[in-house]
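For reference, the structure is listed below as structure tokens.
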Amino acid sequence: MLREVTEQEFRQEAGSGLVLADFYSTTCGPCKMLAFVLADVDKTCGDKVNIMKIDFDKCPDLVEEYGVAGYPTLILLKDGKEIKRVSGLQQKPAIIRMIEDEA
Amino acid sequence: MSDKITYSFSESLIKRQAEAEKQMLAEWKSGEYTFDNPLIKMNPYLINPLAAVVLFTTEKETAVTVTVYGKEERGNIVHTFPRAKEHVIPVLGLYGDCENRVELRTYEGHTKELRIRTEPLSEDVPKLHYIKTEPEYTSRDLIFVTPSLNALATGFDYRGDVRWHLTVPVVFDMKRLKNGNFLIGTERVLQMPYYMSGLYEMTMAGKIVKEYSIPGGYHHDQWEMENGDILVLSEDPDFVTIEDVIVLLDRETGKIKKRWDLKDCLTPGEGPSGGYTDRDWFHNNALWYDKNNHSITLSGRHTDTLINIDYETGELNWIIGDPETWPEEKLKYFFKPVGDGDFDWPYEQHACLVTPNGDVMCFDNGHYRSKIREKFLRNRDSFSRGVLYRLNREDMTIEQIWQYGKERGEEFFSSYIGNVEYYAEDHYLVHSGGIQYYGEHASDKPAALMKDDPNVRAESITVEWLDGKVIMEMKIEGNFYRAEKLPLYHDQDNLPLGEGIRVGEMGVTPEFDTLIPMEPCGELLPYRYEAQLIEEEDRFTFKAIFEGGQLVMLMLENEEEEHGYFISTAKNKFNALCCGTFIEKDPRNITLSVNKAGLKGDFQVRVIVDDKKYDTGIQIHC
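Protein chains in written order, with our numbering: chain A, 1 to 103; chain B, 1 to 622.
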């Protein structure tokens, strides 16, 4: 499932299962493109992963807590623990591979 | 004003040169050009304004000696061409903006003095700060430098006078071939910031004899094998990871005969340097084939290591570098320092070479000078140097035999680029090509990303070392990828005539897997984007100006197919800028090249900008 979350929603839901956190900015071209990619990823493996979009500017505490230095940054969490992180725009096959390796 | 974007077709340089040569030869054949009344053509190959060709016919076969007079006798450039009746003589090493005195002399015969007028040198010529030479320094070779910022490839003589210059941004290493020509990267950018379409085999007059196109492009370095084939630093055509592939090109056909992927012998992420990124995990900036053990030595800037692999199998033989942070299973490949003298590992180094006795040299940039983030040195506190190591593979020890540069500290520091050359024992060249100051100290940010900032000062210092002392030091304005000392003329065919040929192939430009679902809005791309499309025989290039943060995708569409190419408008797109020549001053400028390879048919060119898909009014035939 793909959706935009607040900091509070993220904290409530990130602790269980497979979560892909997309730290993005509304002022970033690659982030806008990644939104289309993640929508595509969600169609393919939305049943395996919870995709949460986190606005870089609206969630500064999460940005600091996760040490996110730039956007877009994708962080894959399993039961709340970070297991993989990639920076920059990614293509659909790479993201699916990342999810399926851990699903 | 029309909103239709600007379209132009650009003929290849090799074809334009062929046409110019054909016209030159036709003019010669249609006239009575003798030794005393030769035809003189300035800049015959369009890109070297300090070269001319003199054409004439003699009744009897004779050798001809050409002398380009220098500002003093030591500056004369002299070469004798083999006997012939029909003479097509390249005149090299002219001075810019003056009437050059050039003498022709038949073998044991008479002389003819010519006056050849040249144009002023362009702003692409680097400015000389100084050149210091010892009185005994008598080399008539030029010091050639190749671009890293705006100034273009240039050759300086012992006085610092410019005697050679190319007006197109051919880039990276300039390596002389056994036939006397040299190889250098084309000016055709395949992918920003500096992945070029391939290599030119070129004469000193600037004539392209052969153009090699390579599917994964060319960057940094190349090497001529004993049989003439060419080893080239390249990457996978999908550009998912970069600077981690080596290919062997057939010299005649340009086809790839062998390929090494460094991910087969190293795991990305092992021993990362300060500049490491997931995509540019190795950053291979040099290669050297060693026939003594049939191996290839490579320089991986983003692992802080020089590595050596077996030519046949690609398996790892050894690693020179600081072993800190490397995984346990790789430590057996590392050397242990020995000896009583000074010893430092290389960090983010460039330009490895192997001397005839198996010693290894490189330009140790010293960027960060640690593998531990907390211990990283600022550029102002580090040093760069040329260094020579002696290896013992039996007991896996390494000794530092020589270095030059550490003692100069910040003043000689180059966070990126640079090279060393080996001429003989204790006779080397060290080129610190990327000195960058911001105000009073070495800058921590690349100059290529601060092109308009008046506080930035970019310099390059080249030193020749002989028998324990510096015999030449040259300082020029700007940054230069490498320096090479070469003679202008050689003893083979200095100007092979006939049309240059293109070999090899362009790869299929990687498309974006996900397309943006959107219908054309029926409007032309607005003029404010200043878009232009330049078509070539084998590709087209889209240029425009977009604001940071805009969503942009170039589309090729017809009734059956859609192809999408994402264009990043992010501000800081590039981490490592060994060649910033193609970086625009205005970061809003974008450039995207799409090869025609893999595409067939007619395509409408459309551009998605945020929430609209615009027409361009241009159709491309592939």
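Glycine included, every Cβ here is placed at the ideal spot set by N, Cα and C.
- Task: Run down chain A in chain order and give the residues with a C-beta less than 9 Å from the C-beta of Leu46 of chain B.
- Result: Within chain A, no residue comes near Leu46 of chain B; the closest Cβ sits about 38 Å away, beyond 9 Å.
Which residues in chain B have a C-beta closer than 7 Å to the C-beta of Gly29 of chain A? List them in chain order. Gly549, Gln550, Leu551, Val552, Ser568, Thr569 and Ala570
For Glu477 of chain B, the residue or residues it bridges with in DSSP = B:Glu459
Using a threshold of 7 Å, state whether the C-beta atoms of Glu399 of chain B and Arg385 of chain B are closer than that.
-> no
Considering Cα atoms alone, identify which of B:Thr118, B:Arg74, B:Trp402 and B:Leu166 is closest to Glu136 of chain B.
B:Arg74
Tyr24 of chain A and Lys53 of chain A look like a contact to me (Cβ under 8 Å); what is the Cβ gap, rounded to whole Å?
-> 6 Å
Exercise for the section: Could you name the residues of the stretch 32 to 58 of chain A whose beta carbon sits closer than 7 Å to any beta carbon of chain B, in the order they occur along the chain? Expected result: Lys32, Met33, Phe36, Val37 and Asp40
Just verifying my parser: in three-state terms, what is the DSSP assignment at Gln492 of chain B?
coil
| task | Take Glu13 of chain A and list the residues in its own chain whose beta-carbon comes closer than 8 Å to its own, dropping the five residues that flank it on each side. | result | Val5, Val19, Asn50 and Met52
Examine chain A for any beta-carbon lying closer than 7 Å to the beta-carbon of Asp513 of chain B, and answer yes or no. yes
Discussion item. Give me the DSSP bridge partner(s) of Lys210 of chain B.
Written reply: B:Glu201 and B:Ile501
Closest residue to His220 of chain B among B:Met196, B:Asp236 and B:Met204 (Cα-Cα distance): B:Met196
- Residues of its chain near Val247 of chain B, where Cβ-Cβ distance is below 6 Å and the 5 sequence neighbours each way are ignored: Val232, Ser234, Ile256 and Arg259
### Message
Using C-beta distances below 7 Å, list every residue in its chain close to Val88 of chain B, excluding the 5 sequence neighbours before and after it, in chain order.
### Response
Val53, Leu55, Leu495 and Leu497
- request: With 8 Å as the C-beta to C-beta threshold (strictly closer), list the residues of the stretch 70 to 93 of chain A near chain B in chain order.
  value: Val86, Ser87, Gly88, Leu89, Gln91, Lys92 and Pro93
Should Ile608 of chain B be flagged as near chain A, meaning a C-beta pair shorter than 7 Å?
no
*Mind listing the chain A neighbours of Asp124 of chain B? Cutoff is C-beta to C-beta under 7 Å, in chain order.*
In chain order: nothing, as chain A lies at least about 32 Å away.
At a cut of 8 Å, does the stretch 100 to 115 of chain B reach the stretch 436 to 447 of chain B through at least three beta carbon pairs? no
Open item on the list: Since Glu348 of chain B and Lys132 of chain B should fall inside the 8 Å C-beta cutoff, what is the C-beta to C-beta distance between them, to a whole number of angstroms?
Closed with: Going by Cβ atoms, the distance from Glu348 of chain B to Lys132 of chain B rounds to 28 Å, so no, they are not a contact pair.
Check: What first and last residue would you give for the alpha helix (DSSP H) that runs through Leu34 of chain A?
Finding: Gly29 to Cys45
What does the alpha-carbon distance come out to for the pair Pro49 of chain B and Asp426 of chain B?
36 Å
(request) Could you tell me whether the Cβ of Ile516 of chain B comes closer than 7 Å to any Cβ of chain A? (result) yes
Around the C-beta of Asn37 of chain B, are 16 or more other C-beta atoms found within 10 angstroms, so that it is buried, or is it exposed? exposed
*Residues near Glu201 of chain B in its chain [Cβ-Cβ closer than 6 Å; skip 5 each side]*: Asn181, Leu183, Val209 and Lys210
TODO: Would you list the one or two residues that DSSP bridges to Arg105 of chain B?
DONE: B:Thr65 and B:Thr111
Which same chain residues end up closer than 6 Å to His563 of chain B when comparing Cβ atoms and leaving out the 5 residues on each side of it in sequence?
Glu511 and Leu556
Worksheet entry | Where Trp28 of chain B sits in the DSSP three-state scheme | helix
Assigned exposure category for Ile95 of chain A - 16 Cβ within 10 Å defines buried
buried
| query | Name the DSSP bridge partner or partners of Gly433 of chain B? | reply | None, per the DSSP bridge assignment.
Notebook entry, point to check: By a C-beta neighbour count over all protein chains shown, 10 Å radius and 16 as the cutoff for buried, is Gln8 of chain A buried or exposed?
Noted result: exposed
Cutoff 8 Å; reference Met1 of chain B; Cβ partners in own chain excluding five residues on either side:
Unreliable placement is indicated for Met1 of chain B, whose pLDDT of 44 sits below 50; the coordinate value is still reported in the next sentence. Cβ within range, chain order: Tyr527.
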